[in-house]
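Participant: Going left to right, the sequence shown walks through residues 27 to 441 as our numbering numbers them.
Built from N, CA and C at the ideal position, the CB exists for glycine as well.
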Amino acid sequence: MQKTTSVYTNKQPRPKVYATLPVLNESENIRQLIADIRAQDYPGWMLVVCVNQPEHWHELEDKAAVCRDNALTLSYLHGLEDARLVVIDRSSRGNGWIGRRHGVGWARKTAMDAAAGMAGDGDVILSMDADTRYLPGYFTSVVQALRRHPGAMGLSAPYYHRLTGDETADRCILRYEIYMRNYAINMMIIRNPYCFSAIGSGMACTAAVYRKVGGLTPKMSGEDFYFIQKLRKAGPVIIGSETEIYPAARFSDRVYFGTGPAMIRGREGRWDSYPVYAMESFGKIAATYALFPELYKHDLPVPLDDFLLQWNEGRPFWAPLRENAASVEAFVKACMQRLDGLRILQYLKADNENYPLTDEEKLSALLASEIFTDAERAGLPVLRRFDECTVQQLDAIRNALAAKERKLQQQIQLA
Numbered sequence: 027m028q029k030t031t032s033v034y035t036n037k038q039p040r041p042k043v044y045a046t047l048p049v050l051n052e053s054e055n056i057r058q059l060i061a062d063i064r065a066q067d068y069p070g071w072m073l074v075v076c077v078n079q080p081e082h083w084h085e086l087e088d089k090a091a092v093c094r095d096n097a098l099t100l101s102y103l104h105g106l107e108d109a110r111l112v113v114i115d116r117s118s119r120g121n122g123w124i125g126r127r128h129g130v131g132w133a134r135k136t137a138m139d140a141a142a143g144m145a146g147d148g149d150v151i152l153s154m155d156a157d158t159r160y161l162p163g164y165f166t167s168v169v170q171a172l173r174r175h176p177g178a179m180g181l182s183a184p185y186y187h188r189l190t191g192d193e194t195a196d197r198c199i200l201r202y203e204i205y206m207r208n209y210a211i212n213m214m215i216i217r218n219p220y221c222f223s224a225i226g227s228g229m230a231c232t233a234a235v236y237r238k239v240g241g242l243t244p245k246m247s248g249e250d251f252y253f254i255q256k257l258r259k260a261g262p263v264i265i266g267s268e269t270e271i272y273p274a275a276r277f278s279d280r281v282y283f284g285t286g287p288a289m290i291r292g293r294e295g296r297w298d299s300y301p302v303y304a305m306e307s308f309g310k311i312a313a314t315y316a317l318f319p320e321l322y323k324h325d326l327p328v329p330l331d332d333f334l335l336q337w338n339e340g341r342p343f344w345a346p347l348r349e350n351a352a353s354v355e356a357f358v359k360a361c362m363q364r365l366d367g368l369r370i371l372q373y374l375k376a377d378n379e380n381y382p383l384t385d386e387e388k389l390s391a392l393l394a395s396e397i398f399t400d401a402e403r404a405g406l407p408v409l410r411r412f413d414e415c416t417v418q419q420l421d422a423i424r425n426a427l428a429a430k431e432r433k434l435q436q437q438i439q440l441a
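1) Using a Cβ-Cβ cut-off of 8 Å (strictly less than) and excluding sequence neighbours within five positions of residue 375, which residues of its own chain qualify?
2) Helix or strand or just coil, what does DSSP make of residue 179?
3) What does the alpha-carbon distance come out to for the pair residue 252 and residue 240?
4) Whose C-beta lies closer than 6 Å to the C-beta of residue 33 among residues of the same chain, with five residues either side of it excluded?
5) Which value, in whole angstroms, describes the spacing of the CA atoms of residue 405 and residue 415?
6) Distance, Cα to Cα, residue 329 vs residue 64?
7) Assuming residue 270 contacts residue 183 under a Cβ cut-off of 8 Å, what Cβ separation, rounded to an integer in Å, is found between them?
8) Where does residue 436 land, buried or exposed, given buried means 16+ other C-beta within 10 angstroms?
9) Taking the beta strand (DSSP E) that residue 154 belongs to, which residues open and close that run?
10) Can you give me the Cβ contacts of residue 440 inside the same chain, cut-off strictly under 8 Å, excluding the 5 residues immediately before and after it?
11) Please confirm if the stretch 381 to 401 is in contact with the stretch 343 to 352, defined as three or more CB-CB distances below 8 Å between the two stretches.
12) Can residue 305 and residue 212 be called in contact, C-beta distance under 9 Å?
13) Report the three-state DSSP secondary structure of residue 136 (helix, strand or coil).
14) So residue 220 and residue 370 are in contact, right, with Cβ under 8 Å, and what is the actual spacing, rounded?
15) First and last residue of the alpha helix (DSSP H) that includes residue 47?
16) Can you check whether the CB of residue 287 is closer than 9 Å to the CB of residue 129?
17) Starting from the Cα of residue 195, find the closest Cα among 295, 147 and 93 and give me that residue.
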């Protein structure tokens, strides 16, 4: 493991790290997660865990196993008798979620809000997941990245899914990573401000920033995406931290979208929600962003006109932003915040219909582009069909994309 050099001075006291963890049906993972945290080489930390489930699950026969699992987790955590551990029980009978307030978004918010209530402004709030593995230097790398970039609003950690040895699971997670990394690489190529991956187990910000942006907005799924986007709208986000995290590759339907549901759909051959987008689509996004300063003066044609007209239900898109902006800088910022990561994803899905190439052909175009060197392409298979590739070939493609993504992250540092 690469050694890190302290960045602290007498004027900059070492911040405390508040790791936050939503937990549901994770008794098989919680012990390893606790071991990972206790192995951190960063001395000052607290762990805030929210064990959660809807209250009415106690009355459902098909949820009995989950209720028992959560009870086991609570028993284990209480038995640790560790003063650095705060357990929030939203699981046992009488404490579960009632009504619409439930799910991972509410659990993550509950833990992060509790951490923010204990933390000082300069302390760090980390978002983690029980099924993710963390190296001993993770806390240190996050704190040091935030100290190197004091103007950053937060951090999105690099990730890598380790293979399981199960061919079906490995094929699904590799295919999903290829989708994610194609998106991230193309967004970094055009230097878009939303050029990061939203990984709930790898987000961080200071307590001051968390309070400034109003905390995490709870969602049934995708709360990580909306939170990191909220951070980016407040200022730059670090994407170039040193230590990567290792989320689990597992089939899961506990949320509506994300890794688990993607793997389930992939197992059924339904990859239509996770296409490989064409480089040309990202070029149109870049061209539109580049025209923001000119659009402050007057309307002019942009590559996303048709999409914006349809999305805005025929209403003018630029004029209201122009009327409410006191300067070109304010207008450009307003455009960036309106045409955000969610709108970009919606545009990519819409524009994808204009490129009838296969996912394999679009990925091959990226790999053959000047972004990749001959050395980076060396050893990669000729890509015709993903389902004809071996796991080893898919892994080679994933690794080439992962290496390129990490290289770009280190070059850009701040999204």
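Facilitator: Taking the structure as given:
1) 301
2) coil
3) 12 Å
4) Note that residue 33 scores a pLDDT of 39, beneath 50, so its modelled location is shaky; the value from the coordinates is reported in the next line. Contacts found: 170 and 173.
5) 14 Å
6) 51 Å
7) 7 Å
8) exposed
9) Careful: residue 154 lies outside any beta strand (DSSP E) and carries neither H nor E.
10) 175, 178, 262, 263, 264, 265 and 266
11) no
12) yes
13) helix
14) 6 Å
15) Not the alpha helix (DSSP H): residue 47 falls in the beta strand (DSSP E), residues 43 to 49.
16) no
17) 295
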